[in-house]
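Visitor: This structure is in structure tokens; I'll ask about it shortly.
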Amino acid sequence: MDESLVVSPDWLAARLDDPTVRIVDVRDAWEYDGIGHLPGAVNVPFDSYRDESDVDRGTLPGAEAFADLLGERGIDPDDTIVAYDDTHGVFAARFVLTALEYGHDDVRLLDGDYSAWNRAYETTSETPA
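Residue numbers (full-length UniProt numbering): 1 to 129.
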């Protein structure tokens, strides 16, 4: 696979049918459900991988909590993860760094966010099984 941390919509479109490539939408649930999302994307809202209960640790959720969160969405540590948002990658970048911190070695950021995908490709409102 391409080793670039930032991937284009074309790169991702060419891999939509690859079961080891998992797409993570970090927008709020109302955006994921109401506006639509990339085909095959699962929703992991920004607030779901933040924990402000331990000031010394910062806002990282903890390794076990993060593993559980992704596991509930069918994401394994060996998967290639591509994250996106609709804020120029700010929140998706936080997801990428959190995933890298907790042992996910192949994590990517979609260049240009949701709007870049939406200009070039179809979106969906269907939730993956």
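Think of the CB as a built atom: it goes at the ideal place given N, C-alpha and C, for glycine as much as any other residue.
Note that the structure is a prediction, hence the values are computed from the model and not measured.
Helix, strand or coil for residue 124, going by three-state DSSP, please let me know.
Guide: Taking the sequence shown and counting its residues from 1, the one referred to as residue 124 is at position 124. Here residue 124 sits in strand by DSSP.
Visitor: Along the beta strand (DSSP E) that carries residue 41, what are the first and last residues, could you check?
Guide: Residue 41 sits at position 41 when you count from the first residue of the sequence shown. That residue, residue 41, is in no beta strand (DSSP E); it is neither H nor E in DSSP.
Visitor: Let me know the secondary structure DSSP gives residue 10 once reduced to three states.
Guide: Translated into positions along the sequence shown, residue 10 becomes position 10. The three-state reading of DSSP puts residue 10 in helix, counting H, G and I together.
Visitor: Spell out the partners DSSP gives residue 84 in its beta bridges.
Guide: As a working mapping, residue 84 is identified with position 84 in the sequence shown. According to DSSP, residue 84 bridges with 25.
Visitor: Quick one: any contact between the region 110 to 122 and the region 59 to 70, if contact means 3 or more CB pairs under 8 Å?
Guide: no
Visitor: Go ahead and label residue 5 buried or exposed: buried means 16 or more other beta carbons lie within 10 angstroms of its beta carbon, across all protein chains shown.
Guide: By one-based count along the sequence shown, residue 5 stands at place 5. Looking at its Cβ environment, which holds fewer than 16 other Cβ atoms inside 10 Å, residue 5 is exposed.
Visitor: Here's the rule: buried if 16 or more other CB atoms are within 10 angstroms of the residue's CB, otherwise exposed. What is residue 124?
Guide: Counted from its first residue, the sequence shown places residue 124 at position 124. Result: exposed.
Visitor: Where does residue 16 fall in DSSP's three states?
Guide: Reading the sequence shown from its first residue, position 16 is the one you call residue 16. Residue 16: coil per DSSP, three-state reduction.
Visitor: Nearest by alpha-carbon distance to residue 104: which of 20, 10, 126 and 51 is it?
Guide: Translated into the one-based positions of the sequence shown, residue 104 becomes position 104. Among 20, 10, 126 and 51, the Cα nearest to that of residue 104 is on 20.
Visitor: Hey, residue 172 and residue 37: beta-carbon distance below 8 Å or not?
Guide: Any property of residue 172 remains undetermined from this structure, which presents the chain solely from 1 to 129.
Visitor: Our contact map puts residue 82 next to residue 23 with C-beta atoms below 8 Å; I'd like the distance itself, whole angstroms only.
Guide: If you number the sequence shown from 1, residue 82 lands on position 82. If you number the sequence shown from 1, residue 23 lands on position 23. The pair is a contact, with the Cβ atoms about 5 Å apart (cut-off 8 Å).
Visitor: Reducing DSSP to helix, strand and coil, say where residue 50 ends up.
Guide: The sequence position of residue 50 within the sequence shown is 50, counting from 1. Looking at residue 50 - three-state DSSP - the assignment turns out to be coil, as it is neither helix nor strand.
Visitor: Excluding the 5 residues flanking residue 15 on each side, which residues of the same chain have their C-beta closer than 6 Å to its C-beta?
Guide: Translated into positions along the sequence shown, residue 15 becomes position 15. Here the set comprises 21.
Visitor: In three-state DSSP terms, what is residue 94?
Guide: Residue 94 sits at position 94 when you count from the first residue of the sequence shown. Assignment of residue 94 by DSSP, reduced to helix, strand and coil, places it in the helix class.
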